[in-house]
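K.L.:
Quick note on the working numbering: the sequence shown kicks off at 146 and runs consecutively.
We put the beta carbon where it would ideally sit given N, CA and C, even for glycine.
Dropping a structure here in structure tokens format, bear with me for questions.
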Amino acid sequence: MKARNRTCSTEDQCRHLGENVQHEECKRIVDDDDDGFYHPWTEWSACFTIGNKEMKARNRTCSTEDQCRHLGENVQHEKCKRIADDDDDETEEKLKLKRLQMRRQGYRAFVIRLVKEIDEICEAESHDYERIQVIDQHLQDKLKLLNELNESILLLCDVEEITHEIEESEEINDRILSKRKKIETILKKWRQSS
Numbered sequence: 146m147k148a149r150n151r152t153c154s155t156e157d158q159c160r161h162l163g164e165n166v167q168h169e170e171c172k173r174i175v176d177d178d179d180d181g182f183y184h185p186w187t188e189w190s191a192c193f194t195i196g197n198k199e200m201k202a203r204n205r206t207c208s209t210e211d212q213c214r215h216l217g218e219n220v221q222h223e224k225c226k227r228i229a230d231d232d233d234d235e236t237e238e239k240l241k242l243k244r245l246q247m248r249r250q251g252y253r254a255f256v257i258r259l260v261k262e263i264d265e266i267c268e269a270e271s272h273d274y275e276r277i278q279v280i281d282q283h284l285q286d287k288l289k290l291l292n293e294l295n296e297s298i299l300l301l302c303d304v305e306e307i308t309h310e311i312e313e314s315e316e317i318n319d320r321i322l323s324k325r326k327k328i329e330t331i332l333k334k335w336r337q338s339s
């Protein structure tokens, strides 16, 4: 069995979106005449950019060299998905939930919670390459969430009401970008030393 999980951006508010852990049986593709078989797929790579698309890749190896081509490709590419864009309906539901939360708690409280999350992520000064990539991805997701919130709040409130909150949001945006620059510097040093 293999498993994957996802975390909710707002504590205990994602139950309506389904389970946070998914299990799947590992598969081994075997040919009838036993010329060879593919070993299981590797984990998906980190996202990388091709043209203007964010992609990820994985591969699998054949048990006997060049005997598995008739069983399909040994490399797969897939568009990187963020939790927020898994599915249009789900995205719309999440947006409605965010709007509801903002109405209930106020935009300011939402932004303050976001700042706290960013600070908690960046407090740990880990120089483990994979951990840094995960933190960077998390910061990118937070930046995207912040932009979505800014767009959403304009639909909910009078512009004069939210001028201060938008300015505060821009400060947070700058803060996230500065954290990402720091991470990029660490990643660059790590790559040069490898």
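What's the C-alpha gap between L284 and R325?
P.N.:
Spanning the two alpha carbons is a distance of roughly 7 angstroms.
K.L.:
Comparing C-alpha positions only, which one of N150, C225, Q337 and G163 sits nearest to N197?
P.N.:
Ranking the options by Cα distance to N197, first place goes to C225.
K.L.:
Does DSSP classify T194 as helix, strand or coil?
P.N.:
Strand, per DSSP.
K.L.:
Give the secondary structure of Q285 by DSSP, where H, G and I count as helix, E and B as strand, and everything else as coil.
P.N.:
Three-state result, Q285: helix.
K.L.:
Return helix, strand or coil for R336, following the three-state DSSP convention.
P.N.:
Three-state result, R336: helix.
K.L.:
In the structure shown, what three-state DSSP assignment does Q221 receive?
P.N.:
It is a strand residue.
K.L.:
Which residues mark the beginning and the end of the beta strand (DSSP E) in which E164 is found?
P.N.:
Per DSSP, E164 belongs to no beta strand (DSSP E) and is neither H nor E.
K.L.:
Which residues in the same chain as E188 place their Cβ atom closer than 8 angstroms to its Cβ, once the five residues preceding and following it in sequence are excluded?
P.N.:
Closer than 8 angstroms at the Cβ level, and outside the excluded window around E188, lie R203.
K.L.:
Could you tell me which residues DSSP puts in a beta bridge with C153?
P.N.:
Note: C153 sits in no beta bridge, so no partner.
K.L.:
According to DSSP, is E329 part of a helix, a strand, or is it coil?
P.N.:
In the structure shown, E329 sits in a helix (DSSP, three-state: H, G or I).
K.L.:
Whose C-alpha, out of Q221, K333, G217 and I331, is nearest the C-alpha of M200?
P.N.:
The shortest Cα separation from M200 among Q221, K333, G217 and I331 belongs to Q221.
K.L.:
Starting from R205, follow its DSSP beta bridges and name the residues at the other end.
P.N.:
Note: R205 sits in no beta bridge, so no partner.
K.L.:
From K334 to Q278, what does the alpha carbon distance come to, in whole angstroms?
P.N.:
If you take the alpha carbons of K334 and Q278, they lie about 13 angstroms apart.
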